[in-house]
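If you're matching positions, the sequence shown starts at 1 in the UniProt record's numbering and goes up one per residue.
Ideal Cβ placement from N, Cα and C applies to all residues, glycine included.
Down below is the structure, laid out as structure tokens.
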Amino acid sequence: MFLTMFKGFSIGLSLICAIGAQNAFVLKQGLLKNNIFWICTTCFICDFFLMCMGIFGVGEIISANKILLFILTFAGAIFLIWYGFLSFRSALRGNSNLTLDQNGTKKTSVFQSIMATLGITLLNPHVYLDTVVIIGGVSVTIVDNMEKVFFMIGVMLASGIWFYSLGYGAQKLSVYFMRPKVWRVIEMIIAFIMWIIASTLLLYIVHNYSI
Numbered sequence: 001m002f003l004t005m006f007k008g009f010s011i012g013l014s015l016i017c018a019i020g021a022q023n024a025f026v027l028k029q030g031l032l033k034n035n036i037f038w039i040c041t042t043c044f045i046c047d048f049f050l051m052c053m054g055i056f057g058v059g060e061i062i063s064a065n066k067i068l069l070f071i072l073t074f075a076g077a078i079f080l081i082w083y084g085f086l087s088f089r090s091a092l093r094g095n096s097n098l099t100l101d102q103n104g105t106k107k108t109s110v111f112q113s114i115m116a117t118l119g120i121t122l123l124n125p126h127v128y129l130d131t132v133v134i135i136g137g138v139s140v141t142i143v144d145n146m147e148k149v150f151f152m153i154g155v156m157l158a159s160g161i162w163f164y165s166l167g168y169g170a171q172k173l174s175v176y177f178m179r180p181k182v183w184r185v186i187e188m189i190i191a192f193i194m195w196i197i198a199s200t201l202l203l204y205i206v207h208n209y210s211i
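In structure tokens, the structure reads:
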């Protein structure tokens with residue numbers, strides 16, 4: 001049981017730690033001290049449901065539906081292009097989205113933070129690839145249902161530890177990132193991460209849905 005849980009933890013951590021749109025978003029909000037508990041919790045809950053789908057077989061329905069995959073991929077690309085544009089514009093202006101108040105925080109409602117997190121998470125097909133397809137594929141090799149539960153526990157431990165560490169760790173470091181020039185660099189990096197991921201999604205559409 002312990003080995004199965006450790007296997008889930010290792011695989012989950014290796015996938016979640018990869019630099020991507022979701023991690024860049026959590027890092028940014030952590031530096032802003034912006035509703036980080038709700039953002040990390042939303043990421044964790046999304047992972048829980050998506051990994052349940054993958055581990056317990058529902059993911060095969062999504063991966064087999066080419067129309068649904070196309071919609072998710074295209075919507076994700078457009079969303080990431082737009083989000084990247086907002087960060088790029090903010091970097092050029094040197095203010096806007098990353099302007100901090102006297103307490104070092106940016107005032108955004110919990111609802112807005114949760115909706116933005118859901119958008120970054122659920123409109124990114126890479127999330128489905130990691131949680132539903134890859135983790136689901138690994139779990140296929142586990143026959144015993146109780147073993148699958150321990151595998152799931154290991155994966156979710158990795159998810160929880162990573163997101164809360166990233167968010168609150170960034171929050172602790174935010175005092176070192178107060179200078180406008182540093183914020184502009186961070187925004188520019190985030191913009192390019194979003195655009196690179198969006199371009200890979202568009203290339204996926206071109207290669208797999210070309211007539």
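Looking only at its chain, what residues have a beta carbon closer than 7 Å to the beta carbon of residue i, apart from the 5 residues adjacent to it on each side?
i	result
residue 27	166, 170
residue 6	154
residue 257	Residue numbering for the chain in the displayed model covers 1 to 211; residue 257 lies beyond these limits and cannot be assessed.
residue 20	126, 197
residue 40	26, 163, 164, 167
residue 108	34, 35
residue 158	9, 12, 13, 16
Look up residue i in the DSSP assignment and say whether it is helix, strand or coil.
i	result
residue 47	helix
residue 76	helix
residue 9	helix
residue 1	coil
residue 93	helix
residue 56	coil
residue 179	coil
residue 20	coil
residue 172	helix
residue 66	helix
residue 208	helix
residue 28	helix
residue 198	helix
residue 99	Reliability fails at residue 99, whose pLDDT of 46 lies under 50, so the model's placement of it is uncertain and no value is given.
residue 192	helix
Taking the alpha carbon of residue i as the reference point, which residue from the options has its own alpha carbon closest?
i	options	result
residue 23	34, 37, 43, 9	43
residue 10	146, 138, 121, 144	138
residue 3	152, 184, 25	152
residue 50	208, 67, 144, 118	118
residue 146	20, 125, 196, 55	55
residue 217	8, 13, 37, 12	The structure shown does not extend to residue 217, since the chain is modelled only from 1 through 211, so no value can be given for it.
residue 202	35, 125, 85	125
residue 188	25, 172, 8	25
residue 79	175, 17, 193	193
residue 87	161, 29, 131, 157	29
residue 209	195, 191, 190, 66	66
residue 48	191, 176, 12	12
residue 68	84, 85, 123	123
Which same chain residues, not among the five before or five after residue i, have their C-beta less than 8 Å away from its C-beta?
i	result
residue 205	70, 73, 74, 77
residue 121	22, 42, 43, 46, 127
residue 142	4, 148, 151
Got a sec? Which residues, its chain only, sit under 6 Å from residue i by beta carbon, not counting five neighbours each side?
i	result
residue 35	110, 113
residue 96	Its pLDDT being 44, under 50, residue 96 is placed unreliably in this model, and the coordinates cannot settle the point.
residue 160	44
residue 81	198
residue 8	151, 154, 155
Using a Cβ-Cβ distance cut-off of 8 Å, determine whether residue i contacts chain B.
i	result
residue 145	Of the protein chains in the structure, only one exists, and it is not chain B.
For this session: Ignoring anything shorter than 4 residues or poking outside the stretch 103-160, list the alpha helix (DSSP H) runs there in chain order.
Result: 110-122, 125-128, 135-139
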